[in-house]
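Participant: Residue numbers (my numbering): 594 to 915.
Cβ atoms here follow ideal geometry from the backbone N, Cα and C, with glycine treated the same way.
Could you have a look at this structure, given as structure tokens, before my questions?
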Amino acid sequence: MFEDLTRRTMLTGMAATATIAALPANAAGEDEVLPLWPGSPPGAPTPLPKPSTEQRSKDPAAPDRWLRGIDRPSLTVRRAANPNGTAVMLMPGGGYGFLALDNEGEEQARWLNALGITAFILRYRIPTDGWANRSTVPLADAQRGLRLIRASAKRYGVDPTKLLVIGFSAGGHLAGSLATRHAERVYTPVDAADQLSARPDLAGLIYPVVSMSAPFTHLGSRDQLFGTGADPKALIAASVETRVTADTPPIFLTHASDDGLVPIENSIALYQALLAAKRPGELHAFDQGGHGFGVRLPKTVPASVWPMLFAAYARRLGLLAG
């Protein structure tokens, strides 16, 4: 697994991940927020959901905020001090019931910024907050988010042919859905940005939910999207491993075999689908790591190197300089 990593890749990745604890949350400047939709989002309920933030950590140096009630989906921009033209849209997990903003958003943006990558943290809507077409609400936000980044490439100094996504857990399902269903019409176009492609150039899925069907789906994520008693055909159609086509971009997968929440069989199923379709991809399976580790694993745990592996893969694909 590690043979193809050059010494430069290892050292660069180690330096980047080592900076996470040292960097303040907004090292590159104040919050810059790009709303996804003009006015209310499509299919909005009345009244709109009430936003809330739950602070799960008692350590001010290690915040762990869970966001709920996303009423105005948006992209939070985290600019790199020395940008290289690559951008990553981050999709935090939370079982489609909340967004793990720090562990799977802000902390990820910091190591990406250290590599010169401009990060965009996607705050997507929660399906059960009363939105119409609840099963496709997160995908609509993801498609719109990537199109807005592509439309704003000059403004943010990014290359529109080097737009990557990384999703975690349920956010991994969203990243996989975007990679395989980027051309599916799930909302009515609202402006010129919607004429652009929503296809990412590389999708990173970290301990992802992949399948919506038995036997190894994550029931919480499935129920948030579809409720109970969903049509089996709809569940199959929302399973990422069933949607791989010749147009699917490269997919990077990381999972731990001791994940007690989302079984590793999710990643294995998607990797097998990539192989069957002769599409590029990587699967990195580790024996330890559990679920929801983000970049918080001790360096003695092998799964902690996944950011280096992701960066190395992006470089081999010509999507990341250095």
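Where T679 and L910 are concerned, what is the direct C-alpha to C-alpha distance, given to the nearest angstrom?
Facilitator: 12 angstroms
Participant: Please go through the stretch 746-803 and give each complete beta strand (DSSP E) segment of 3 or more residues, from N-terminal end onward.
Facilitator: 756-761, 795-799
Participant: Just to confirm before moving on: does the CB-CB distance between V888 and W724 stay below 8 angstroms?
Facilitator: no
Participant: Between the Cα of I857 and those of P808, P825, E700, spot the shortest distance and give me the residue it belongs to.
Facilitator: P808
Participant: Specify the secondary structure class of M805 as computed by DSSP and reduced to three states.
Facilitator: Coil, per DSSP.
Participant: Tell me, please, which residues DSSP counts as bridged to T711.
Facilitator: DSSP links T711 through a beta bridge to A680.
Participant: What is the DSSP secondary structure of T721, reduced to helix, strand or coil?
Facilitator: helix
Participant: Taking P628 as part of the beta strand (DSSP E), name the residues at either end of that continuous run.
Facilitator: 625-628
Participant: Which value, in whole angstroms, describes the spacing of the CA atoms of E625 and Q881?
Facilitator: 36 angstroms
Participant: Whole beta strand (DSSP E) runs in the stretch 818-869 with 3 or more residues, listed along the chain?
Facilitator: 844-849
Participant: Closer than 8 angstroms by C-beta to T773: which residues in its own chain qualify, once you throw out the five before and the five after it? Chain order, please.
Facilitator: Taking T773 as the centre and dropping the five residues before and after it, the same chain places the C-beta of V833, R836, V837, T838, T841 closer than 8 angstroms to its C-beta, in chain order.
Participant: Quick check on P653: buried or exposed, where buried means 16 or more other Cβ atoms within 10 Å of its Cβ?
Facilitator: exposed
Participant: To which residues of the same chain is L854 closer than 6 angstroms at the C-beta, ignoring the five residues directly before and after it?
Facilitator: H884
Participant: Name the two residues that bound the continuous alpha helix (DSSP H) containing A948.
Facilitator: Given that the chain is displayed from residue 594 to residue 915, the structure contains no residue 948 and the question cannot be resolved.
Participant: Just the C-alpha distance for A866 and R872, rounded to the nearest angstrom, thanks.
Facilitator: 8 angstroms
Participant: On a Cα-Cα basis, can you pick out the residue from Y800, L868, K643, A786 that is closest to A896?
Facilitator: Y800
Participant: Which value, in whole angstroms, describes the spacing of the CA atoms of E697 and P825?
Facilitator: For E697 and P825, the distance between alpha carbons rounds to 30 angstroms.
Participant: CB-CB under 6 angstroms to I737, same chain, minus the five flanking residues each way: which ones, in chain order?
Facilitator: It is Arg, not Ile, that sits at residue 737 in the sequence shown. So the list reads L629, once near-sequence residues are dropped.
Participant: Could you tell me which residues DSSP puts in a beta bridge with L692?
Facilitator: L660
Participant: Cβ atoms of L846 and H811: under 8 angstroms apart, would you say?
Facilitator: Taking 8 angstroms as the Cβ cut-off, H811 and L846 do not qualify as a contacting pair.
Participant: Would DSSP call L741 helix, strand or coil?
Facilitator: helix
Participant: Mapping DSSP to helix, strand and coil, what is R703?
Facilitator: helix
Participant: Between the C-alpha atoms of V781 and G688, what's the straight-line distance to the nearest angstrom?
Facilitator: With the sequence shown as reference, residue 781 is identified as Thr, and Val is not the correct amino acid for it. Distance between the alpha carbons of T781 and G688 is about 26 angstroms.
Participant: DSSP puts T646 in a beta bridge; with which residues?
Facilitator: L660
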